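Chains as they are written, first to last, in our numbering: chain G, 1 to 186; chain B, 1 to 336; chain A, 1 to 761. Ideal Cβ placement from N, Cα and C applies to all residues, glycine included. Everything numeric in this text was worked out from a predicted model, so none of it was measured. Notes to accompany the following structure.
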C-alpha cells in the first residue's frame with residue numbers, strides 16, 4: 001500500500017482548531033484502536049504515537065519525560081507488548097491495538113494493579129506512574145508470576161526519581177501473589 | 001521535539017520496498033523498529049525526504065537453521081532472538097548481547113536484529129540536539145570538517161556501540177543485501193566499514209534482508225561481555241565478544257571482537273591467533289592475549305563516550321579475558 | 001504521646017494516588033486551553049557574549065506567529081532571590097552569560113511554525129571570553145560575568161566561632177583533606193512546562209511546577225508590573241522538585257508576556273535538555289576540610305573552605321553557599337569552627353539548591369572522621385557517637401536544638417545493619433560505612449516564613465481546607481487531609497483541598513525549606529482545632545455539657561465517657577448557620593526563627609525551629625577488576641520527630657537512598673565541553689534504575705519535637721545526605737582507599753585500587 005500523495009486538505013475535527021495551515025501539509029489516514037475504541041484520523045506522518053495520543057485524542061495520561069525513549073514515561077502497550085510511544089511514528093500502529101493507562105480499570109474503578117500501587121505507596125509525584133503501570137502490564141502478560149528480580153528487570157526501562165522503586169516492586173509482588181492474580185491482565 | 005516533516009511510504013512487500021528505495025535513493029531512510037532512527041530525527045542529525053516503513057513486509061522475520069547456517073531474518077524482533085532455542089544453543093554470545101541491549105520495554109519488542117546491526121555509530125559530541133550542536137562548525141559525521149572528540153582528527157572518531165554487531169563480528173556473519181538488481185552477500189567485517197562518516201556498505205536502494213551465521217560446530221562456545229554504568233538502558237562503554245572452539249583441551253579457532261572502540265566492532269585477528277593451540281587452562285596466555293587485544297583496540301579509541309579513555313581501554317583487557325573464560329566454559333560444558 | 005489516633009501515625013494510602021494511577025491528574029504540559037499557542041524560546045549559542053542586535057521582523061511576518069518577544073519587551077526589572085542578588089533579566093538586554101540562555105521567544109499556532117520562527121530571528125552577538133571553572137573564573141582578568149562582582153566572586157559566607165588556632169594547637173591529631181564533586185542534578189520526572197493566559201481584565205492565570213506558588217507570584221507581579229492580586233499562580237500537579245523549582249524561571253515570565261502580547265493562552269513545554277540546562281542544577285564543589293581531634297576522637301577544631309561553581313547567575317546563592325556547612329554544624333558538635341564558603345560565577349548553567357546538599361562537603365566531613373578514627377584506632381560508628389549532636393545544645397551559629405534523636409538513629413542503624421559483626425570482618429572487596437547528617441526544618445524567609453490555613457464547612461459536615469501548601473509529589477496534600485480529618489473526626493474522603501493557588505490560598509513558605517509539615521501542617525491542625533472549638537461551643541449548649549468534656553470522632557460530637565450523648569457534626573454546623581455563628585476555622589504557624597539572621601551579613605541566631613537527623617549505613621561489594629560497585633544493603637534511620645504516615649515517610653527514605661546514595665555517589669555527575677553540558681538527558685546522566693537498587697531497611701526514630709505537629713519534623717532529606725556519605729564510606733572501606741572525588745565512578749575506584757597496589761609493591 002503506497003500512500004497517495006494528496007494535496008493535503010485541512011480537515012475537520014481537532015486539526016481544524018489550528019485554523020491556519022502554513023503550507024499544504026500532507027495528511028494521511030490512520031486507523032487503529034485505542035483502549036478498545038476504533039479511531040480514525042488524518043495525520044501528518046511525522047507525528048509520533050505519543051503526540052497523537054496526547055494532542056489528537058486528548059489522552060494525556062501518557063507522558064513525555066525525555067522524548068528519546070529512555071525514561072519510560074511514554075510507555076503504552078501495542079498489541080499487548082510495551083513500546084515507547086515517543087519513538088513510534090503514529091503511522092506504524094495503523095491497524096494495531098493500543099492500550100494506554102486510561103484503558104486500565106473501569107470508569108472510576110482502578111484495576112487490581114492500580115489499586116495495589118495506591119495501597120502500597122508506589123505513587124509519589126505520579127509522573128512516571130502511567131508508563132510504569134504499562135510496563136508492568138506487559139511483563140505480567142508474558143510472566144504472570146515474576147519474582148523480585150524479574151519485576152525489577154521488567155521495569156528496568158522505567159525511571160522513577162521519587163520512590164527508589166521499593167514500593168513499586170512491593171505493589172507488583174502483592175498483586176501477583178495475592179488473590180487478585182486473575183484480574184491483572186489488560 | 002517534533003520530527004521534521006517527511007513523506008511516509010509503506011510498501012506492501014519486499015519488491016515494492018526495493019522499487020521504492022531504488023527510486024528515492026539517498027533521499028530515503030528505512031524504518032524498521034525506529035527506536036534509534038526516531039531519536040536521530042528529533043535531533044535533526046538527518047532530515048530525510050522519505051521514510052520507507054517496513055511494517056508491512058512479511059517473510060523477513062524468523063530464525064531457522066539450514067545446511068550448517070543459522071539464518072536470521074533482518075526484521076526478526078529482538079525478543080524472538082532472545083527466546084530462540086537455536087540462538088540459545090548455537091550462538092550464546094548473540095543471545096547475551098541482545099539481552100543486554102537497552103531495556104525490554106524500549107527495544108526488545110520493537111527493535112529488530114537487522115536494525116541493531118545497522119545501529120549508527122555514536123559519539124557524545126555528535127548525538128546531541130540540533131541546538132547543542134549549533135554555534136560552532138559541524139563535525140565530520142555531521143557533514144563538517146572537524147572532530148570534537150579528538151583534536152585535529154581528520155576523520156570521524158565515533159564508535160560502534162551495537163551489542164548485536166559486536167557479537168556477530170566474533171561469531172562471523174554474512175549480511176545479505178537485496179536491491180532491485182538482485183542480492184549480494186558481504187561478510188560483516190566488510191559490511192561494517194569502520195568509517196564513522198559512513199559506517200555501512202549499503203548502496204542507495206539496498207536493504208539488509210538476512211543475516212547468516214555459520215553453525216559453530218563441535219566444541220564451540222561464545223560469550224558477550226559489556227561494561228555499562230547501570231544495569232539496563234545504557235550503550236556499551238566498551239564490549240567484547242569471543243567465539244571459539246575447543247579441541248582436545250586446546251584452543252581451536254578463536255575470534256575476538258571489541259565494541260565501543262572503533263567505528264565498527266574490531267575483529268582482533270592477531271590477538272585471536274595468539275591463543276590457537278594453547279591449552280584452555282593456560283591463564284597466562286589468556287591474559288597475554290587479552291592484553292594484546294587491549295593494546296590493539298586502544299589504538300582505535302578516543303575519549304568520545306561517557307567514561308575515561310584509560311578506563312575503557314583497561315576494560316578491554318578485562319572483558320576479553322572474561323569472554324574467553326566464559327566461552328571456554330560454554331564449549332566444555334556443552335560438549336559434556 | 002499517649003493519645004490514640006484514628007488516622008495520624010497510620011499507614012494510609014494517599015488521597016491523590018487514584019488520579020495518578022488513572023492518568024487523570026493534570027500536569028502543566030497536559031493543560032489545553034481554547035486557542036492556545038505553542039511557545040518556544042530562542043537560546044544563545046555562545047556562553048558569554050554581548051548582545052549587539054536582535055532582529056525579529058522576519059519571524060513576526062511568518063504566518064502563524066502571533067507574538068515575538070525579546071529583552072525589549074520586558075520592563076527591565078531584574079530578578080534575584082535577595083535584594084542584593086538581583087542580577088537576572090528574564091530576557092537579557094545587555095549580554096548572555098551561558099550557553100543556552102534565553103534571548104527571544106515566539107508564540108505560534110503550532111510547534112513547526114514556532115520552530116521556524118526561531119530560525120528567522122537574527123541575533124548579532126559579540127563573543128566574550130568565557131570561563132568554565134571557578135578557579136579560572138576567580139583568576140580571570142575580565143570582563144567579569146557580572147559588573148560589580150570582581151573576580152566573579154558572587155557570594156562569600158564567613159562564619160567563625162570559638163578559637164580555631166587554639167583548638168588546633170590543643171588537638172592530638174590534625175588532618176587536612178580536599179574533596180571535590182562535579183555537579184549533580186535533579187532530573188525530576190516531569191520536564192518543566194508553563195501555561196499562561198490573561199483574561200480581558202488583565203488578570204494573569206499561570207500554571208507551572210513550583211515549590212511555593214507565592215514565591216512565583218510576587219516576582220511575576222514585580223516583573224510584569226502588575227499588582228499581586230492580579231497574578232494567579234494556579235494549583236497544578238507537579239512531577240518532582242527536589243530543590244530545583246523554587247524560583248521564578250524565565251520560562252514563567254516569557255510565557256506570560258507572550259500571552260499578554262498575543263492575547264491568547266500560551267504553553268511552553270521544555271525538552272528534557274532544557275529542563276536540565278535552563279532551569280537549575282546542583283553546584284560543583286571543592287571543599288578543603290581541616291579537622292583536629294583529641295585522643296578520644298572528639299572534634300576540637302575545624303576549618304572549612306568551600307568553592308562552589310555557581311554558574312551564570314546568583315539564584316539562591318547565599319543559601320546554597322551556607323546550607324552544606326549548616327547541615328554539618330547541626331549534625332556535629334564543633335566548638336571551634338571556621339567556614340569560608342565562596343560561590344563563584346562561571347559561564348555555565350545556573351546552579352541552585354539540591355536535595356543532596358554539597359556532596360563533597362558532607363562526604364568529606366564524614367570520610368575524614370573515618371580516617372582520623374582509623375589513625376586513633378576508633379571505629380566509624382564510635383567516632384559519630386562521640387561527636388553527634390545532642391538535644392538541648394546550641395549549634396556553633398547559635399541555633400537551639402530542641403529535639404534530636406541522632407544517637408538513637410546511629411545505634412539503631414548500627415544494630416540493624418550488623419555493624420559490629422561486619423566492620424573490619426567482611427570478605428575482601430566488601431565494605432560497610434556510615435554517614436550522619438542533619439537538615440533544617442524551615443529557615444528564615446522573612447514575610448514568607450509562616451503558613452496560614454482556613455477551614456470552611458459544608459452543611460453536610462464535609463470540609464474544605466484552604467492552604468498555601470504545595471505538593472511536589474511527596475504527599476503534602478495528603479498530609480493536610482490526614483491532619484484535618486483527624487482533628488475533626490472525619491474520614492479522608494470528607495476533606496476537600498484548595499491548595500497552592502495564589503488567588504485564594506493564604507501565605508505559605510513553600511516546600512523548599514522542608515517546612516511544609518511543620519508550618520503548613522501546624523497551621524492546618526490549628527485551623528481544625530479552632531473550628532472544633534467553635535463546634536464544641538455550639539454542641540456544649542445543645543448537649544448541656546462543658547466544651548472541655550467533648551470529643552469529636554466518626555463525625556459525631558459526644559461527651560467523653562458517655563458515647564450516647566452526642567450530636568452529629570453536621571448538626572452542629574447547621575446549628576451554627578441558624579444561630580448566625582457559622583463555623584469556620586483559622587490557623588497560622590510561623591516557625592520561631594531569628595528574623596535578624598541573614599545568610600551573609602549575620603549568620604547567627606536561630607536558623608530553624610527544628611532539625612531532622614539521620615544516619616545511614618551502607619554495605620557494598622566492589623568488583624576489583626572493573627571498579628563496579630554493587631550496593632548490597634542500606635539501612636536508613638532518620639529522626640523525623642513523628643511519622644504522620646509511616647508508609648509515606650518510608651517512601652521518602654527509599655527515594656532519598658536512590659538519589660543521594662545510589663545515584664549521587666556512584667553515577668550522577670555532569671561533564672562538560674566548555675559551556676556545553678555533555679549529558680543533559682537521562683541517557684548519559686545516569687539516575688538509578690530498578691535493578692540497580694539494593695535492599696533498604698527503614699528505621700523511623702521519633703524524638704517528638706515539641707513544636708512540630710504531633711511532633712513531626714522534616715522527613716527524608718537527612719537520608720539523602722547521609723546515604724551519600726554512607727556509600728562513600730562503604731566504598732572506601734571496601735577498597736582500603738579513601739576516594740576524595742565524587743561520584744565514585746568505576747574508573748576512579750579502579751585507579752585507586754591500582755595506585756594502592758603500586759604503592760604496596
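Asked: Per-residue contacts from residue 679(A) into chain B (C-beta, under 8 Å); Found: 124 and 306
Asked: Spatial neighbours of residue 52(A) in its chain, beta-carbon cut-off 7 Å, leaving aside the 5 residues before and after; Found: 124, 125 and 126
Asked: Other residues of its chain near residue 550(A): CB distance less than 8 Å, five sequence neighbours each side excluded; Found: 536, 539, 540, 543, 557, 558, 559 and 560
Asked: Same chain, Cβ closer than 7 Å to residue 720(A), five either side skipped, listed in chain order; Found: 355, 356, 656, 659 and 660
Asked: 8 Å contact criterion, which residue 210(B) and residue 74(B) should meet: CB distance rounded; Found: 6 Å
Asked: CB of residue 263(B) within 8 Å of CB of residue 194(B), strictly; Found: yes
Asked: Listed by chain order, chain G residues near residue 682(A) by CB distance under 9 Å; Found: 65, 66, 68, 70, 71 and 159
Asked: Opening and closing residue of the alpha helix (DSSP H) in which residue 533(A) lies; Found: 522-543
Asked: As assigned by DSSP and simplified to three states, the class of residue 359(A); Found: helix
Asked: Length at least 4, wholly inside the region 18-50 of chain B: the alpha helix (DSSP H) runs in chain order; Found: 37-42
Asked: C-beta neighbour in chain A for residue 175(B), strict 8 Å; Found: no
Asked: Cβ pair residue 463(A), residue 524(A) closer than 8 Å; Found: no
Asked: Segments of 4+ residues assigned as alpha helix (DSSP H) that fall wholly inside the region 539-611 of chain A; Found: 569-579
Asked: Per-residue burial, residue 554(A) [other beta carbons within 10 Å of its own, 16 or more giving buried]; Found: exposed
Asked: Exposure label - residue 314(A); buried when at least 16 CB within 10 Å; Found: buried
Asked: Within chain B, the residues that residue 26(G) reaches when beta carbons sit closer than 9 Å; Found: 5, 7 and 8
Asked: Same chain, Cβ closer than 7 Å to residue 180(B), five either side skipped, listed in chain order; Found: 18, 19, 22 and 205
Asked: Residues bridged to residue 195(A) [DSSP beta-bridge criterion]; Found: 207(A) and 267(A)
Asked: Contacting positions in the region 100-116 of chain B - beta carbon closer than 9 Å to chain G; Found: 102, 103, 104, 105, 106, 107, 108, 109 and 110
Asked: Local Cβ density within 10 Å of residue 30(G), reported as buried at 16 or more and exposed below that; Found: buried
Asked: Three-way DSSP call (helix, strand, coil) for residue 492(A) in this model; Found: helix
Asked: Status (buried if at least 16 other CB within 10 Å, exposed otherwise) for residue 9(A); Found: buried
Asked: Beta-carbon separation (whole angstroms), residue 362(A) vs residue 458(A), contact threshold 8 Å; Found: The pair is not a contact, with the Cβ atoms about 48 Å apart (cut-off 8 Å).
Asked: Simplified DSSP assignment, three categories, for residue 21(G); Found: Because residue 21(G) sits at a pLDDT of 41, beneath the cut-off of 50, its placement in the model cannot be relied upon, and the point is left open.
Asked: C-beta contact flag for residue 22(A) and residue 101(G) at 8 Å; Found: yes
Asked: Short CB-CB distance (under 8 Å) between residue 696(A) and chain G; Found: yes
Asked: Where residue 446(A) falls, given that 16 or more other Cβ within 10 Å makes a residue buried; Found: exposed
Asked: Start and end residues, alpha helix (DSSP H) containing residue 719(A); Found: 717-735
Asked: Contact test: residue 142(B) Cβ vs the ligand COA heavy atom, cutoff 7 Å; Found: This structure does not include the ligand COA; it has no bound ligands of any sort.
Asked: Contacts that residue 233(B) makes with chain G (C-beta to C-beta distance below 8 Å); Found: 70, 156 and 157
Asked: One or two residues paired with residue 710(A) in a DSSP bridge; Found: Bridge partners of residue 710(A): none, in fact.
Asked: Cβ neighbours of residue 103(B) in the same chain (closer than 8 Å, five flanking residues each side left out); Found: 232 and 233
Asked: Whether residue 130(G) touches residue 175(G) by CB criterion (8 Å); Found: no
Asked: Contact check, residue 301(B) vs residue 309(B), beta carbons under 8 Å; Found: yes
Asked: Nonlocal neighbours in the same chain, by C-beta distance under 6 Å from residue 323(A), ignoring five residues either side; Found: 357
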